[in-house]
Amino acid sequence: QLQIFNGHTDGVQGIEFSPFNGGRYLCSGSADKTICLWDVETSKSLHVFNGHEDAVCCVDISPLQRNSKNDNIGVIGGNGYTICSGSSDNTIRIWDIETTKQFNVFKGHKDVIMTVKYGSNELLNTILSGSRDESVRLWDIRSGQQIQVFNGHTSYIWSVEYSPFVIKNSIGNSNVICSGSCDNTIRFWDIRSNKNELYIIKGDDSKNDGIT
Numbered sequence: 001q002l003q004i005f006n007g008h009t010d011g012v013q014g015i016e017f018s019p020f021n022g023g024r025y026l027c028s029g030s031a032d033k034t035i036c037l038w039d040v041e042t043s044k045s046l047h048v049f050n051g052h053e054d055a056v057c058c059v060d061i062s063p064l065q066r067n068s069k070n071d072n073i074g075v076i077g078g079n080g081y082t083i084c085s086g087s088s089d090n091t092i093r094i095w096d097i098e099t100t101k102q103f104n105v106f107k108g109h110k111d112v113i114m115t116v117k118y119g120s121n122e123l124l125n126t127i128l129s130g131s132r133d134e135s136v137r138l139w140d141i142r143s144g145q146q147i148q149v150f151n152g153h154t155s156y157i158w159s160v161e162y163s164p165f166v167i168k169n170s171i172g173n174s175n176v177i178c179s180g181s182c183d184n185t186i187r188f189w190d191i192r193s194n195k196n197e198l199y200i201i202k203g204d205d206s207k208n209d210g211i212t
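Counting from 1, position 206 in the sequence shown corresponds to residue 206 in UniProt numbering; the numbering is continuous, with no gaps.
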């Protein structure tokens, strides 16, 4: 055991290292309805983000920016980086690390949000989410609007991911996302069409453990 981070008053349900400063910072989401940003070197809490009305189930930190001239930032000097959090209050919230303010709220899911993921490269301004409402949703960070809803799973969605391969469009950008569910399937989707389920990987039907 190297370090202990004390501060949350209920179970911690999501953690993520920062892509900047060599992973020096860590964010955590808790059933106490808060997100904490920590300095890994000192084990100290740098900020507590408040705003969710129920448990925080998942967190992510925006990816390293390609146009950033310096990978090292000052304490809480977010330099445009944000934290994304999904909650049992059925919302996704974006937090600005530099100003520590809530940047946006995304509403649309009908149940607990189990997983959130920032896009990268050409999809840098998007977020994927998966929920207990059995849907996967793609959001535009800049407009605050929902881009697509992907339906097909028959149980909770535990994980979502952007795929760097499978199908590419004419300008070389990946259009594929995938999702893992408690229905024992991994499903691949084309983000250009919510009707285009590309492929399904099915697990063992004799077990009902889900895919995380």
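From the three backbone atoms N, C-alpha and C, an ideal C-beta is built for every residue, glycine too.
Remark: C-beta atoms of Cys182 and Tyr156 approach each other more closely than 7 Å.
Taken through DSSP and simplified to helix, strand or coil, Asn175 comes out as coil. When C-alpha distances from Arg24 are compared across Asp32, Gly14, Trp38, the shortest belongs to Trp38. In the three-state DSSP reduction, Glu161 falls in the strand class (E or B). Taken in chain order, the complete beta strand (DSSP E) segments of 3 residues or longer contained in the UniProt repeat "WD" (106-149) are 113-118, 126-131, 135-140. Trp158 is not a Cβ neighbour of Gly144, given a cutoff of 7 Å. Spanning the alpha carbons of Val48 and Ile147 requires a straight line of approximately 30 Å. Cβ-Cβ separation between Asp89 and His52: approximately 5 Å, consistent with a contact (criterion under 8 Å). As the crow flies, the alpha-carbon of Ser18 is around 28 Å from that of Arg187. Pairing Cys36 with Ser45 gives a Cβ-Cβ distance under 7 Å. If you check the CB distance, Thr91 and Lys107 come in under 7 Å. Scanning its chain for C-beta atoms nearer than 6 Å, with the 5 sequence neighbours on each side dropped, one finds around Gly7 the residues Cys36, Ser45, in chain order.
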